[in-house]
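All remarks here apply to the structure that follows.
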Ligand code: CTP
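Residue numbers (the numbering used here): 293 to 689.
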């Protein structure tokens with residue numbers, strides 16, 4: 293279940309060209325299960341008509357402060373989970389930072405009864421203006437979430453900071469804001485994807501891991517409030533919002549990168565399908581076939597076992613491993629638990645999970661075996677994160 297399911301979000305749209313992207317934002321929030329109540333400034337109505345938002349949100353749009361029923365208060369009362377201002381212009385940000393309430397949206401911001409997130413979108417000169425920067429600092433110091441801006445091509449055709457982050461990223465951040473913060477203050481290192489062990493400059497040994505489960509776990513840990521470092525082998529996946537991503541190829545590089553980031557870490561989650569062997573020698577040039585029947589052969593050497601190494605050398609870090617099997621999942625998970633020194637092994641069928649969006653798993657620890665019925669990789673990730681939080685004694689359950 294998404295953290296947005298059943299949540300009530302008031303979306304305030306202010307007058308910037310990025311207002312057109314707020315339409316997609318409403319669609320994505322509604323698709324994720326949220327109820328979205330839109331309010332617009334007069335300037336926003338110059339860019340997009342309220343009718344568009346009404347159709348997308350399924351609710352009447354507020355544009356008039358004096359329409360009756362005190363909308364400036366009603367719009368963030370009654371279980372509103374978040375007031376989201378997207379796009380937020382320099383003007384609205386300035387007013388929010390000074391308690392000015394001179395239109396419907398700024399009055400809603402001033403009189404709100406829920407957390408506030410602003411998504412700046414403006415020309416780079418306006419963004420860099422010391423007044424805007426000071427206003428952003430003030431808002432942050434009051435606990436306001438500031439999402440973005442991104443650097444990219446602006447409406448005025450310059451490439452600079454000030455662009456509104458994409459609607460899908462806003463949804464990721466909103467989901468993170470609304471998720472229970474069971475790993476707040478914790479640092480989590482996750483590995484994901486396959487590793488690639490070169491044979492020559494163009495060929496290598498790898499496997500069919502997509503990285504989806506590891507990326508989902510990194511995202512869930514970030515949503516739970518952790519600082520997350522994702523060390524990933526080659527994948528085609530987009531970096532999860534809010535997560536620091538370090539890309540590597542081989543198992544040796546992965547171990548090195550993990551070790552660099554383990555300082556002060558609380559949790560290590562080893563999801564990567566690490567190649568167990570690599571070629572003893574990597575040919576300097578592409579290996580050519582010959583005209584006769586001789587074929588090349590490769591001497592393999594063992595790769596380091598990253599999980600076992602971390603569990604052995606960092607006894608204070610809570611280590612979680614995976615067991616990707618083709619049979620006898622639970623037995624293999626139990627064996628790997630003691631062999632690798634992990635606190636939990638998540639057992640699953642490689643044939644069921646590699647490349648797919650769902651997973652069926654079992655959490656095996658020294659004292660329990662917990663079956664996790666088939667669910668999406670995001671759901672499995674959330675279950676694993678709450679299980680880790682419970683074991684660390686920081687769960688809010
Ligand atoms: N693992 C690791 N380093 C390796 C091999 C595996 O860190 N060189 C980790 C994986 O990330 C996973 C766990 O160990 O968390 C189990 O990986 P798996 O591939 O299922 O098992 P192996 O240990 O490789 O054993 P086998 O291939 O014989 O099943």
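All C-beta atoms in this analysis are idealised placements derived from N, C-alpha and C, irrespective of residue type, glycine included. Since this is a predicted model, take the numbers as computed values, not measurements.
(request) Starting from residue 390, follow its DSSP beta bridges and name the residues at the other end. (result) Paired residue(s): none; residue 390 is not in a bridge.
(request) Would you identify the three-state DSSP class for residue 501, choosing helix, strand or coil? (result) Looking at residue 501 - three-state DSSP - the assignment turns out to be coil, as it is neither helix nor strand.
(message) Pop quiz: residue 598 and residue 547 are said to be a contact at Cβ under 8 Å. What is the actual Cβ separation, rounded to whole angstroms?
(response) Under the criterion of beta carbons closer than 8 Å, residue 598 and residue 547 qualify as touching, at roughly 5 Å.
(message) Considering only the alpha carbon of each residue, which of 608, 635, 595 lies closest to residue 614?
(response) Looking at the Cα atoms, 635 is the closest of the given residues.
(request) For the beta strand (DSSP E) holding residue 301, just list the boundary residues, first then last. (result) First-last of the beta strand (DSSP E) with residue 301: 300-305.
(request) With a threshold of 16 other CB atoms inside 10 Å of the CB of residue 341, please say whether the residue is buried or exposed. (result) Around the beta carbon of residue 341, fewer than 16 other beta carbons lie within 10 angstroms, which makes this residue exposed.
(message) Checking the sheet assignment: what are the DSSP bridge partners for residue 495?
(response) Looking at the DSSP assignment, residue 495 forms no beta bridge with any residue, so it has no partner.
(request) In the DSSP assignment, find the alpha helix (DSSP H) that holds residue 682 and state where it starts and stops. (result) Boundaries of the alpha helix (DSSP H) harbouring residue 682: 669-684, taken from the DSSP string.
(message) Can you tell me whether residue 576 is buried or exposed? The criterion is at least 16 other CB atoms within 10 Å of its CB, across all chains shown.
(response) Here residue 576 is exposed: its Cβ has fewer than 16 other Cβ atoms, across all protein chains shown, within 10 Å.
(request) Just mark residue 570 as buried or exposed, buried being the case when its beta carbon has 16 or more other beta carbons within 10 Å. (result) Buried.
(message) Shorter than 8 Å, the distance from the beta carbon of residue 385 to the closest heavy atom of the ligand CTP, or not?
(response) Shortest gap from the CB of residue 385 to any heavy atom of the ligand CTP: 8 Å or more.
(request) Apply the 10 Å Cβ neighbour rule to residue 363 and answer buried if 16 or more other Cβ atoms are within range, or exposed otherwise. (result) Using a 10 angstroms sphere on the CB of residue 363, the tally of other CB atoms reaches 16 or more, which defines it as buried.
(request) Select from 660, 592, 394 the residue whose C-alpha is nearest the C-alpha of residue 622. (result) Of all alpha-carbon atoms in 660, 592, 394, the one lying nearest the alpha-carbon of residue 622 is that of 660.
(request) Determine the DSSP secondary structure at residue 294, reduced to helix, strand or coil. (result) Note: residue 294 maps to coil in three-state DSSP.
(request) Please state whether DSSP places residue 337 in a helix, a strand or coil. (result) Looking at residue 337 - three-state DSSP - the assignment turns out to be helix.
(message) Would you say the beta carbon of residue 564 is closer than 8 Å to some non-hydrogen atom of the ligand CTP?
(response) Yes, the ligand CTP has a heavy atom inside 8 Å of this Cβ.
(request) Report the residue from 645, 484, 499, 618 whose alpha carbon sits nearest the alpha carbon of residue 520. (result) Here the closest residue by C-alpha is 484.
(message) Please report the straight-line C-alpha distance between residue 601 and residue 630, rounded to a whole angstrom.
(response) Distance between the alpha carbons of residue 601 and residue 630: 13 Å.
(request) Please work out which residues of its chain come closer than 7 Å, Cβ to Cβ, to residue 295, disregarding the five sequence neighbours upstream and downstream, and give them in chain order. (result) The answer, listed in chain order, is 467, 470, 471, 515.
(message) In the DSSP output, which residue or residues are listed as bridge partners for residue 651?
(response) Paired residues: 667.
(message) Please determine whether the Cβ atom of residue 483 lies at a distance below 8 Å from any heavy atom of the ligand CTP.
(response) For the ligand CTP, at least one heavy atom lies less than 8 Å from the Cβ of residue 483.
(request) Spatial neighbours of residue 556 within its chain, please: CB distance less than 8 Å, with the 5 preceding and 5 following residues excluded, ordered by chain position. (result) Cβ within range, chain order: 479.
(message) Once the 5 residues before and after residue 415 are set aside, which same chain residues still bring their CB inside 7 Å of it?
(response) So the list reads 446, 448, 454, once near-sequence residues are dropped.
(request) Consult DSSP for residue 538 and reduce its assignment to one of helix, strand or coil. (result) For residue 538, the secondary structure class from DSSP, reduced to helix, strand or coil, is strand.
(message) Taking 9 Å as the threshold (C-beta atoms), are residue 302 and residue 368 in contact?
(response) Yes, the pair counts as a contact, with Cβ atoms nearer than the cut-off.
(request) Would you kindly check if the distance between the Cβ of residue 357 and the Cβ of residue 405 is under 9 Å? (result) Taking the C-beta atoms as reference points, residue 357 is found no nearer than 9 Å to residue 405.
(request) Identify the continuous alpha helix (DSSP H) that holds residue 313 and give its terminal residues. (result) Note, residue 313: alpha helix (DSSP H), 311-323.
(request) Taking residue 564 and residue 593 to be in contact with their CB atoms under 8 Å, please state how far apart those CB atoms are, rounded to whole angstroms. (result) With a Cβ gap of about 19 Å, residue 564 and residue 593 do not count as contacting.
(request) Run the CB neighbour count on residue 419, radius 10 Å, all protein chains shown included, and call it buried at 16 or more, exposed below. (result) Under this definition residue 419 is a buried residue.
(message) In the DSSP output, what is residue 409 paired with across the bridge?
(response) Beta-bridge partners of residue 409 (DSSP): 376, 437.
(request) Measure how close the beta-carbons of residue 481 and residue 523 come, nearest whole angstrom, since I'm counting them as under 8 Å. (result) Rounded, the Cβ-Cβ distance is 7 Å, consistent with contact.
(message) Please classify residue 506 as buried or exposed, where buried requires at least 16 neighbouring CB atoms within 10 angstroms.
(response) Taking all protein chains shown into account, residue 506 has 16 or more neighbouring C-beta atoms within 10 Å of its C-beta and is therefore buried.
(message) Going by DSSP in three states, residue 606 sits in which element: helix, strand or coil?
(response) Looking at residue 606 - three-state DSSP - the assignment turns out to be coil, as it is neither helix nor strand.
(message) Does the distance between the C-beta of residue 665 and the nearest non-hydrogen atom of the ligand CTP fall short of 8 Å?
(response) Residue 665 Cβ: outside cutoff for every heavy atom of the ligand CTP.
(request) Enumerate in chain order the residues of its own chain whose CB-to-CB distance from residue 450 is below 7 Å, with the five nearest sequence positions on each side excluded. (result) Excluding sequence neighbours, residue 450 sits near 416.
(message) Given 8 Å as the limit, tell me if residue 489 has its C-beta closer than that to any heavy atom belonging to the ligand CTP.
(response) Outside the cutoff, so no.
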